[in-house]
Amino acid sequence: MDFIQYKRPIMIIALVIIALVLMIAIGFPLGILSQNPDGLERVLIDYNGESWLENLFSPWTPFLVWIENEYLAGIIGIILTTVVIVVVFYFIAFLKRRRREKS
Amino acid sequence: MHIPDGFLDLMTIVVLWLIVVLVMILGYFKMGKVFQKEDSEKLIPYIGVLAAVIFAFQFVNYPILWGTSGHLVGGTLVAVILGPWASLIVLFLILVIQSFFGDGGIIALGANTFNMGVIGGIVGFYIVVFFMKLLNRTSLKKEVKVTISTAIGSYLSIILASFVCGIEIGIAGAVPLDISVPTMVFWHLFIGIGEGIISALIIFFIYKTKPNFILTESILGVE
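Top to bottom, those sequences are chains A and F.
Once you know that position 50 of the first sequence is 50 in the working numbering, the rest is easy, because the numbers rise by one and skip nothing.
Once you know that position 42 of the second sequence is 42 in the working numbering, the rest is easy, because the numbers rise by one and skip nothing.
The following block contains the structure:
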């Protein structure tokens with residue numbers, strides 16, 4: 001595998017992680033970021049009250065929800081997203097190339 | 001705009017899942033631009049980087065008015081870079097990972113992908129195309145035209161997605177339809193401003209640093 005072609009993307013991913021960590025660390029105290037409910041949550045809270053969050057029924061327990069540290073969650077999320085997207089797009093590229101070669 | 005599990009009725013869940021799966025299958029066959037060139041696979045690591053950026057931006061909320069916040073969805077942004085069909089797959093995979101963290105339901109993934117991928121991505125992209133046609137009559141530089149069109153397209157697609165999301169939660173009975181639709185649209189009139197600005201800045205940045213990563217110039221009709 002030619003790792004040189006991944007050097008730049010990996011460096012950018014590292015920068016994205018650093019930027020996210022910095023955003024979380026200083027964004028909330030500075031007021032650039034907010035933990036207030038988003039648009040959909042605001043609509044649901046305004047109509048159903050705060051309790052709707054506790055009464056939610058989920059037949060699935062989200063797999064990674066036990067990660068309570070937001071820094072760790074952000075880093076794992078970024079790495080997981082990158083890996084999944086790259087694997088899926090390489091697979092699609094492989095299928096497309098095979099299809100092109102057959103025809 | 002991530003709908004959690006347990007909110008939508010079965011019919012809405014099934015119908016939206018079916019639509020999303022069918023559009024993704026169609027998208028696979030129509031997703032030509034990303035893999036048209038022989039060396040296009042070299043761009044795949046950068047698609048991963050783009051997804052990481054979208055995930056990071058969706059992870060953090062910016063404040064708007066009256067104790068409410070918003071976050072980037074990125075559907076139109078990804079569509080302008082990779083094309084509308086590839087954007088749907090990217091958004092779907094990001095939403096899958098977010099649902100594992102409890103941000104948006106796993107069963108409601110079809111609805112969330114419909115709102116943020118189909119409306120936010122595909123519909124948003126064609127809004128951008130429409131505004132590009134208008135701006136092509138001006139003498140602005142191409143990167144400025146794409147940046148402005150992306151800002152407007154991102155803004156309008158978020159409002160449209162919030163309108164559809166309002167209908168979905170209204171039909172499900174979580175909030176009456178006559179309340180859910182206007183309030184969802186009201187909040188996203190403000191949230192969409194952030195979406196438009198962030199998307200436009202990222203597009204402008206890519207044009208300045210790696211312009212060949214914008215794969216849709218021919219579809220956008222960039223002149």
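Glycine included, every Cβ here is placed at the ideal spot set by N, Cα and C.
- Aspartate 38 of chain A is bridged by DSSP to F:Ser69.
- Between glycine 105 of chain F and proline 4 of chain F a beta carbon distance of about 5 Å is seen, short of the 8 Å cut, so the two are scored as contacting.
- For methionine 24 of chain F, the enclosing alpha helix (DSSP H) stretches over residues 10–30.
- When C-beta atoms of the stretch 152–165 of chain F are compared with those of the stretch 182–197 of chain F, three or more pairs fall below 8 Å, so the two segments count as touching.
- Chain A places no beta carbon closer than 9 Å to that of tryptophan 17 of chain F, leaving this residue out of the contacts.
- Below the 8 Å Cβ cutoff, chain F contributes Asn61, Pro63, Gly67, Thr68, Ser69 as neighbours of asparagine 36 of chain A, in chain order.
- For methionine 132 of chain F, the uninterrupted alpha helix (DSSP H) run begins and ends at 124–135, by DSSP.
- DSSP places methionine 184 of chain F in the uninterrupted alpha helix (DSSP H) bounded by 177–209.
- The C-alpha of phenylalanine 59 of chain F lies about 13 Å from the C-alpha of asparagine 69 of chain A.
- For the options A:Ile10, A:Phe63, A:Arg100, the alpha carbon positioned closest to that of serine 99 of chain F is the one of A:Phe63.
- Within the same chain, and ignoring the five residues on either side of tyrosine 62 of chain F in sequence, the residues whose Cβ sits closer than 8 Å to its Cβ are Ser69, Gly70, His71, Gly194.
- F:Gly74 is the residue among F:Ile25, F:Gly6, F:Gly74, F:Leu91 whose C-alpha sits nearest the C-alpha of isoleucine 203 of chain F.
- Nearest Cα to serine 218 of chain F within the set F:Ile158, F:Lys142, F:Ser180, F:Ala174: F:Lys142.
- Under a criterion of Cβ atoms nearer than 7 Å, the residues of chain A adjacent to alanine 174 of chain F are, in order, Leu44.
- Pairwise C-beta distances place the stretch 9–17 of chain A in contact with the stretch 41–52 of chain F, as three or more of them are shorter than 8 Å.
- Listed along chain A are Gln5, each with a C-beta nearer than 8 Å to that of lysine 42 of chain F.
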